[in-house]
Amino acid sequence: MCITEKDITGFLEKWQQILQLRDWSIRVVVADRDWRKSGDIKIDQDNRNAALIINQRVEIQFLEEIVIHELLHLKLWGMDQMIEALLSSLYGSDEDDPRRVFAYGQFMSVLEVTTQDLTKALISATGEKREMYFLRVEKQVEKELGRG
Numbered sequence: 000m001c002i003t004e005k006d007i008t009g010f011l012e013k014w015q016q017i018l019q020l021r022d023w024s025i026r027v028v029v030a031d032r033d034w035r036k037s038g039d040i041k042i043d044q045d046n047r048n049a050a051l052i053i054n055q056r057v058e059i060q061f062l063e064e065i066v067i068h069e070l071l072h073l074k075l076w077g078m079d080q081m082i083e084a085l086l087s088s089l090y091g092s093d094e095d096d097p098r099r100v101f102a103y104g105q106f107m108s109v110l111e112v113t114t115q116d117l118t119k120a121l122i123s124a125t126g127e128k129r130e131m132y133f134l135r136v137e138k139q140v141e142k143e144l145g146r147g
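Under numbering that gives the first Met the number 0, think of the first position of the sequence shown as 0, with each following residue one higher.
If you want it as structure tokens, here you go:
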């Protein structure tokens, strides 16, 4: 079964309200081709517009989690941009500078872990028991066992 725009919109409306993102115009985009990500969000801070992109091959039971995760990236966008600007002021704009690569990698790792921890907390606060999305771990297991 493939995810549809309608599947996504219900969760978007629910969590946009909860996360106090009502002042944002968010367009849903279903990625209908082979894509390595489960979701992403593209942000235009100045106009308060965003595009929420969801992979059509995501399993429906994980859709809400993915929507929350991407909306949290929107919520944290200002901090994200501030840290990236700080890294540029410290290490310059050379994206191949090893110091910048290291610092940026550390920041992105912490950002993803924090975003996922907040996602888990919000899902838990709904009181529903459900399995969390383990795609990244599953890919590592498949690679380790030579299955993927």
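Each residue gets a CB set at the ideal place from its N, CA and C atoms; glycine is no exception.
Check                                                                                                                                               : Outcome
Could you tell me whether the stretch 60 to 78 touches the stretch 10 to 29, using the rule of 3 or more Cβ pairs below 8 angstroms?                : yes
Could you tell me if Asn46 is buried or exposed, where buried requires 16 or more neighbouring beta carbons within 10 angstroms of its beta carbon? : exposed
Please determine, among Thr113, Ile2, Ile122 and Thr125, the residue with the shortest C-alpha to C-alpha distance to Lys74.                        : Thr113
Could you tell me whether the stretch 5 to 19 touches the stretch 57 to 67, where touching means 3 or more Cβ pairs closer than 8 angstroms?        : yes
For my contact list, Asp31 and Gln55 are in at a C-beta cut-off of 8 angstroms; report their separation, rounded to the angstrom.                   : 5 angstroms
Does the distance from the CB of Asp39 to the CB of Ile52 come in under 8 angstroms?                                                                : yes
Please list the terminal residues of the continuous alpha helix (DSSP H) segment that includes Leu89.                                               : Trp76 to Tyr90
Let's test the definition: count the other Cβ atoms within 10 Å of the Cβ of Ala49 and tell me whether it reaches 16, buried, or not, exposed.      : buried
When DSSP labels each residue in this structure, what does Leu128 get in the three-state scheme?                                                    : Reading off the sequence, residue 128 comes out as Lys, not Leu. Note: Lys128 maps to coil in three-state DSSP.
Under 8 angstroms, do Val29 and Ile59 count as touching if we go by C-beta distance?                                                                : no
Which partner residues of Leu51 appear in the DSSP bridge assignment?                                                                               : Val27 and Ile40
Can you check whether the CB of Phe106 is closer than 8 angstroms to the CB of Ile82?                                                               : yes
Would you mind stating whether Leu110 and Asp79 have Cβ atoms separated by less than 8 angstroms?                                                   : yes
Run through DSSP, which three-state label would Thr3 get?                                                                                           : coil
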